[in-house]
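J.: Quick one: this structure, given as structure tokens, is what I'll be asking you about.
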Amino acid sequence: MIERVHEHIINELGTNTRTDTIFVLTAIVLNLITLGINSGIASSETNGTAMIVMFTFVALLIVVNFVVELGLIRGRQMRKKLLSGLLKMYKDQGVEGYYDPSLLSDYKTRYNLFMLAVLFTGLVAIVVPFVIR
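Residue 90 in our numbering sits at position 79 of the sequence shown, and the numbers go up by one each step.
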């Protein structure tokens with residue numbers, strides 16, 4: 012039974028990793044695309060319609076980045092819980108020496124860096140077009 016629990020935790024960690032990767036890539040790609048579109052709009056003669064399009068993309072960017080940040084926070088919490096359970100299982104089985112518990116803080120740092128990258132590219136995508144204008 013312990014093997015099934017172990018397999019389930021490992022599968023959940025894999026799913027968590029894939030989900031976080033999709034979140035980060037989606038946000039960064041959207042941020043860069045929005046940066047390009049809004050910069051193009053801002054550098055040309057703009058009318059009322061163009062400004063509405065710019066603000067629509069900014070609204071989309073804010074919502075998507077907010078969702079991604081929340082998703083990454085939840086992903087970090089889930090990973091911590093799964094790894095804590097895995098460490099307890101390893102301790103109960105007498106093999107805890109093969110997994111360094113400091114990895115938990117390393118994962119936290121990695122999540123913080125992902126969140127910073129998403130936040131910063133989002134801010135750049137919002138600010139630069141308005142500076143160009």
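Each residue gets a CB set at the ideal place from its N, CA and C atoms; glycine is no exception.
The alpha helix (DSSP H) with Gly25 in it runs from where to where?
T.: Where Gly25 is concerned, the enclosing alpha helix (DSSP H) stretches over 13-54.
J.: Are the C-beta atoms of Thr60 and some chain C residue less than 8 Å apart?
T.: Going by chain labels, chain C is absent from the structure shown, which holds only one protein chain.
J.: So, do the segment 37-44 and the segment 115-122 have three or more beta carbon pairs nearer to each other than 8 Å?
T.: No, because fewer than three Cβ pairs between the segment 37-44 and the segment 115-122 fall closer than 8 Å, the two stretches do not touch.
J.: Tell me which residues share the same chain as Pro149 and place their Cβ nearer than 6 Å to its Cβ, disregarding the 5 neighbours each side in the sequence.
T.: As displayed, the chain neither begins before 12 nor continues past 144, which places residue 149 out of reach and without an answer.
J.: By the three-class DSSP mapping on this structure, what secondary structure does Asn58 have?
T.: Asn58 falls in the coil class under three-state DSSP.
J.: Over what stretch of residues does the alpha helix (DSSP H) that includes Pro140 continue unbroken?
T.: Run containing Pro140: 114-143, per the alpha helix (DSSP H) assignment.
J.: To the nearest angstrom, how far is it from the Cα of Arg15 to the Cα of Phe131?
T.: Each residue's alpha carbon lies about 41 Å from the other.
J.: Any contact between the segment 97-117 and the segment 14-30? By contact I mean 3 or more CB pairs, one from each, below 8 Å.
T.: The segment 97-117, when compared against the segment 14-30, does touch it at the 8 Å Cβ threshold.
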